[in-house]
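Undergrad: Going down the list, the sequences are from chains A and B.
Counting in my numbering, the first sequence runs from 46 upward without gaps.
Counting in my numbering, the second sequence runs from 4 upward without gaps.
Here you go, one structure.
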Amino acid sequence: MAALTGTAIIRNGSVFDPLNEINGDKKDIFIREGKVVSALGSAEQKDALIIDARGKTVMPGGVDSHSHVAGTKVNAGRLMRPEDHYKSVRAKTSITHSGSGYTVPSVYKQGYDYAAMGYTTVFEAAMPPLEARHTHEEMRATPILDMGAYMVLGNNWFIMRYLKEGDIEKAAAYTSWMLRTHKGYGIKCVNPAGVENWGWAKNVSGLDQPNIHFEVTPRELIRGLAEVNEMLGLPMSLHLHANNLGHPGNWETARDSLMITSGMEPRNKSQLEWGETRESARRRQTVYLAHAQFSAYGGTSWRDFCSGAADLAKYINQVDDVVIDSGSVPFGPATTMTGDGPAQHDLYMITGQKWSNTDVELECGSGVLPLVYMKSSPVHSVQWAIGLEVMLLIDDPWKTIMTTDHPNGGIFTQYPQLLTWLMSKKARDDTAKECHKWAYDKSTLGGVDRELSLYEMAIVTRANPARTIGMAYRKGHLGAGADGDVTIFDIDPANLNPNDSAALTAKLARPEYTIKDGRIVACQGEIVSVPEGRRFYCQPYMDEDLEKDMLKDVKDWFKYYTVGFANYPVPDKYLKNPVAIPVNQPLEAVMRR
Amino acid sequence: MAEIILKIREKIGIMVEAEAIKPESFAGKSKEEIEALLVWQGPEKLPLSSFFDVEASSPSASPEETRIILQGDLSRVKRIGEGMKAGSIEIDGPAGMHLGAEMAGGSILVKGNAGSWSGREMKGGLLHIKGDCGDHVGSAYRGSWRGMTGGQIIVEGNARSQLGGGLAGGQITVGGDVENFCGIRQSGGLILVRGSAVRGVGAEMNGGTIAVCKDILQPSPGFVETGREEDPTVGEVKLEGRFVKLSGDYALSKNAKGTIYCREV
């Protein structure tokens with residue numbers, strides 16, 4: 046009965062709910078029909094699923110705000126790597142599908158592995174509009190997880206054209222139409238102006254370098270897209286994959302890019318019911334920097350390569366309008382995949398590995414390449430250090446989110462290992478001893494004593510990713526009205542010893558329970574039920590006349606596409622359990638004019 | 004040394020996947036326990052006794068002390084000795100695919116022919132095949148570029164295509180001929196072919212050595228002659244006659260360090 050209704054009580058656990066400023070307090074969590082409530086009536090209590098969490102850690106379900114889990118480049122990563130699959134297999138059970146793949150698991154395995162680790166919400170970090178159908182097909186097939194996908198717009202011909210002409214309104218009209226048409230959640234900007242140049246085997250090197258033909262600079266694109274973002278009032282801020290990614294000395298580019306949106310006002314104009322939180326659940330940032338590790342490099346070449354994380358962190362510590370995710374490197378096999386085609390080509394030239402490259406017509410590009418991060422490698426050792434530095438040197442955990450930029454820096458199943466390093470200096474020191482000496486010699490990590498608490502861990506894996514992308518109205522906390530997504534770790538905060546890193550990693554990897562919408566989905570790593578997840582996307586409103594005007598331009602240039610205009614949109618049937626978020630409703634649009 | 008004899012009872016239909024046949028699985032086990040070991044046949048897991056008559060005296064003390072003798076036509080039994088680290092296996096007839104795949108030690112002797120993928124991604128030990136072999140002997144598996152890394156494979160007969168694909172270490176000796184793309188993507192180790200090769204020898208090779216004692220019908224285009232040698236020594240083997248020494252594959256990179264010896268025509 047209880048299993049069907051999604052009504053549950055989690056008793057006596059030590060609750061870590063940062064958005065409600067609950068720091069390890071003994072507390073009961075009540076869930077009625079999938080939603081957190083402040084109390085349950087006695088009749089309801091009788092039918093509820095009751096979990097005794099005494100001596101255990103209770104957190105909101107995990108939220109991954111940047112992961113590559115659906116779409117063409119993810120599938121390219123699967124197709125080009127059979128060797129990634131035959132040694133990592135999952136047998137089917139009576140309720141789960143079989144699956145395979147270590148660095149890029151099949152959609153089923155992905156869903157189960159995330160859920161088994163305590164995550165219930167995962168957002169795909171890059172959906173090229175033209176590949177939106179494929180992305181939604183894979184998300185539709187992913188079990189358990191609630192998902193959404195950010196749309197790649199940083200090298201889009203229409204955006205570049207409108208921003209060059211200084212026509213922010215048309216750029217906004219185009220963006221809003223595109224989000225509705227492709228069921229996208231937010232704006233992702235990958236190597237603005239640079240990927241377009243990649244069509245001519247070139248890149249851009251500075252923020253003020255105009256690109257070929259469109260003559261638009263990265264700075265204009267970042268500024269323009271951020272303005273569009275706040276004009277529409279999208280739940281998430283602009284999500285930026287900075288220029289010069291993966292190049293020594295790029296931390297300055299990253300800092301200068303983050304300065305571009307300085308002074309803008311974050312405006313989330315989504316019309317939603319917000320769960321109760323003590324801390325504001327609305328985003329403060331106007332730019333969300335993706336995988337900071339790949340953008341925090343010092344030095345001038347791979348010979349004098351060093352960390353630039355301290356310098357980047359210094360800037361971020363001074364401002365309140367930036368959030369980063371870490372894109373950390375936990376060592377081992379990875380499959381790099383990004384919309385940054387030229388960056389992938391650079392990596393191919395260094396490694397000689399198998400490499401796939403795609404041009405997405407008028408919109409963007411992408412590249413895929415397998416890579417093994419090795420402790421013996423000087424550069425990889427520094428990358429490991431930087432991935433931890435960006436989490437530890439930025440003082441306010443509300444500015445950081447822990448990721449591996451799965452599967453670029455590492456695999457999402459390595460999050461527990463990553464957390465152990467963040468929570469224990471001893472664990473870091475032990476690993477540094479196994480690494481190339483550059484790990485500590487070329488970074489400041491060796492001198493960092495900070496260790497994240499369970500409260501901070503809940504911020505960087507739950508509360509902050511949810512708040513940053515605008516999902517904290519229902520995710521990332523356990524206030525009344527939130528989704529009944531809960532992770533219960535077999536960790537007694539009173540007896541937590543982060544220095545026993547093997548035990549901590551194991552406990553973080555296999556929570557006692559993962560609960561989604563008040564129902565148990567995983568128990569000690571075993572999947573016990575397989576609900577269908579929701580698919581979130583934004584439906585921004587735009588003035589109809591402006592939109593008609595804009596669509597004339599789109600139809601005019603559609604001759605350059607290989608698809609017909611009628612086949613461009615993503616039909617509703619591609620989404621299972623869609624949740625459309627209304628943004629910028631008419632009244633406000635009228636007032637703006 | 005404990006000897007365990009497995010005799011095939013009748014012709015096998017759907018191929019059997021028998022990675023359970025290796026000294027590590029048999030060591031310390033009684034006849035009944037060995038008979039009960041499970042192997043896959045299609046979607047079914049069945050005990051060894053449904054295919055083999057097992058003869059075993061007393062349980063062996065360790066894998067090192069275990070000698071397995073297989074009798075009959077094992078050409079439809081795959082993965083024999085996969086991952087074995089010690090002990091020995093002797094096969095009186097032909098053996099199926101993936102024989103000795105990923106083996107790290109011990110020895111396997113096949114008196115008949117062996118199938119494709121024999122010694123795939125092998126790390127150590129000795130794999131000796133008296134007859135002919137299929138494709139991909141000592142090579143990397145699908146998608147991987149790292150094949151055999153150590154140990155020795157001896158094929159007395161002929162081998163087919165992609166022998167030693169991705170070879171990174173160890174030695175493969177073929178008494179007869181090979182077909183296409185022998186040593187493709189090789190980065191280390193030695194391939195010695197006593198007979199001839201068809202084409203693609205050393206394609207995308209970046210290290211290691213290949214010696215072909217008779218003809219290469221269509222030499223790979225990315226190789227450059229660096230000299231001629233009389234009775235050269237490759238690895239620990241002294242070859243007889245005059246050989247052309249080539250370096251490449253420059254189709255892959257400017258700094259490729261692969262070496263091919265080919266009998267002077």
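Glycine included, each C-beta is placed from N, C-alpha and C at the ideal position.
Leaving out five residues on either side along the sequence, give the residues of the same chain with a beta carbon under 7 Å from the beta carbon of residue 312 of chain A.
TA: If we look at residue 312 of chain A and ignore the five residues flanking it on each side, its Cβ neighbours are 275 and 278.
Undergrad: Would you mind telling me which residues of chain B sit closer than 7 Å to residue 127 of chain A, beta carbon to beta carbon, in chain order?
TA: Per Cβ cutoff of 7 Å: 145 and 146.
Undergrad: Give the single residue among A/604, A/126, A/544 and A/233 whose Cα lies nearest to the Cα of residue 473 of chain A.
TA: It is A/544.
Undergrad: Kindly indicate which three-state DSSP category residue 112 of chain B falls into: helix, strand or coil?
TA: Looking at residue 112 of chain B - three-state DSSP - the assignment turns out to be strand.
Undergrad: Using a Cβ-Cβ distance under 8 Å, would residue 119 of chain B count as near chain A?
TA: Output row for residue 119 of chain B: interface = no.
Undergrad: Would you mind telling me which residues of chain A sit closer than 8 Å to residue 256 of chain B, beta carbon to beta carbon, in chain order?
TA: Correct list: 397.
Undergrad: For the pair the region 436-455 of chain A and the region 385-403 of chain A, tell me if three or more CB-CB distances fall below 8 Å.
TA: Counting Cβ pairs under 8 Å, fewer than three are found: no touch.
Undergrad: Write down the C-beta distance between residue 57 of chain B and residue 49 of chain B rounded to the nearest angstrom, noting that I regard them as a contact closer than 8 Å.
TA: Not really, about 14 Å apart at Cβ, beyond 8 Å.
Undergrad: Which value, in whole angstroms, describes the spacing of the CA atoms of residue 188 of chain A and residue 582 of chain A?
TA: Roughly 18 Å between the two C-alpha positions.
Undergrad: Is the separation between the beta-carbon of residue 702 of chain A and that of residue 329 of chain A shorter than 8 Å?
TA: It is not possible to answer for residue 702 of chain A, since the shown part of chain A is limited to 46 through 638.
Undergrad: Any beta carbon of chain A sitting closer than 8 Å to that of residue 206 of chain B?
TA: Cβ-Cβ to chain A under 8 Å: no for residue 206 of chain B.
Undergrad: How about residue 234 of chain A and residue 213 of chain A: are their beta carbons less than 8 Å apart?
TA: No, Cβ-Cβ distance for residue 234 of chain A and residue 213 of chain A is not below 8 Å.
Undergrad: Would you mind reading off the limits of the beta strand (DSSP E) that contains residue 314 of chain A?
TA: Segment: none, residue 314 of chain A is in no beta strand (DSSP E) and carries neither H nor E.
Undergrad: Between A/97, A/88, A/427 and A/515, which lies nearest to residue 557 of chain A when the distance is taken from Cα to Cα?
TA: Checked all of A/97, A/88, A/427 and A/515; the closest Cα to residue 557 of chain A is A/97.
Undergrad: Helix, strand or coil for residue 368 of chain A per DSSP?
TA: Here residue 368 of chain A sits in strand by DSSP.
Undergrad: Just grab the DSSP bridge partners of residue 208 of chain B for me.
TA: DSSP, once it has assigned bridges, lists no residue as partnering residue 208 of chain B.
Undergrad: In or out: residue 605 of chain A buried (at least 16 other Cβ within 10 Å) or exposed?
TA: Counting Cβ neighbours within 10 Å, residue 605 of chain A comes out exposed, since fewer than 16 surround it.
Undergrad: Near residue 375 of chain A, what residues of its chain come up, given a Cβ to Cβ distance below 7 Å and the 5 sequence neighbours on each side ignored?
TA: Excluding sequence neighbours, residue 375 of chain A sits near 449, 455, 459, 462 and 463.
Undergrad: Report yes or no: do the region 101-115 of chain B and the region 131-144 of chain B share at least 3 C-beta pairs separated by less than 8 Å?
TA: The region 101-115 of chain B is in contact with the region 131-144 of chain B.
Undergrad: Among the residues of its own chain, which have a CB less than 6 Å from the CB of residue 92 of chain B, if the five just before and after it don't count?
TA: Counting only Cβ-Cβ distances below 6 Å, and skipping sequence neighbours, we find 71, 84 and 111.
Undergrad: What's the gap between the Cα of residue 683 of chain A and the Cα of residue 184 of chain A?
TA: Here chain A covers residues 46 to 638 and nothing more, so residue 683 of chain A does not appear.
Undergrad: How many Å lie between residue 237 of chain A and residue 288 of chain A at the Cα?
TA: Distance between the alpha carbons of residue 237 of chain A and residue 288 of chain A: 7 Å.
Undergrad: Go to residue 252 of chain A, then tell me how far its beta strand (DSSP E) extends in each direction, as first and last residue.
TA: No beta strand (DSSP E) contains residue 252 of chain A, which DSSP labels as neither H nor E.
Undergrad: Report all residues from its chain with a CB closer than 7 Å to the CB of residue 466 of chain A; omit the five preceding and five following residues, and keep chain order.
TA: Closer than 7 Å at Cβ, skipping near neighbours: 433, 472, 473 and 476.
Undergrad: Quick check: the Cα distance between residue 126 of chain A and residue 147 of chain B, rounded to an integer number of angstroms?
TA: Going from the Cα of residue 126 of chain A to the Cα of residue 147 of chain B covers about 8 Å.
Undergrad: Hey, residue 352 of chain A and residue 487 of chain A: beta-carbon distance below 8 Å or not?
TA: It is a contact, given that the beta carbons lie within the stated cut-off.
Undergrad: How about residue 106 of chain A and residue 531 of chain A: are their beta carbons less than 8 Å apart?
TA: For residue 106 of chain A and residue 531 of chain A, yes; Cβs fall inside 8 Å.
Undergrad: Out of A/259, A/139 and A/111, point me to the one whose CA is closest to residue 210 of chain A's CA.
TA: Cα-wise, what sits closest to residue 210 of chain A is A/259.
Undergrad: How many Å lie between residue 166 of chain B and residue 132 of chain A at the Cα?
TA: Going from the Cα of residue 166 of chain B to the Cα of residue 132 of chain A covers about 22 Å.
Undergrad: So who's on the other strand from residue 585 of chain A, going by DSSP bridges?
TA: Paired residue(s): A/628.
Undergrad: Quick check on the DSSP output: the alpha helix (DSSP H) that includes residue 433 of chain A runs from which residue to which?
TA: 423-437 is the span of the alpha helix (DSSP H), which, as asked, contains residue 433 of chain A.
Undergrad: With residue 191 of chain A and residue 579 of chain A assumed to form a contact (beta carbons below 8 Å), what rounded beta-carbon distance in angstroms separates them?
TA: The pair is a contact, with the Cβ atoms about 5 Å apart (cut-off 8 Å).
Undergrad: When you compare only the Cα positions, how much space is there between residue 320 of chain A and residue 507 of chain A?
TA: Distance between the alpha carbons of residue 320 of chain A and residue 507 of chain A: 15 Å.
Undergrad: Straight-line CA distance for residue 236 of chain B to residue 182 of chain A?
TA: Whole-angstrom Cα-Cα distance: 59 Å.
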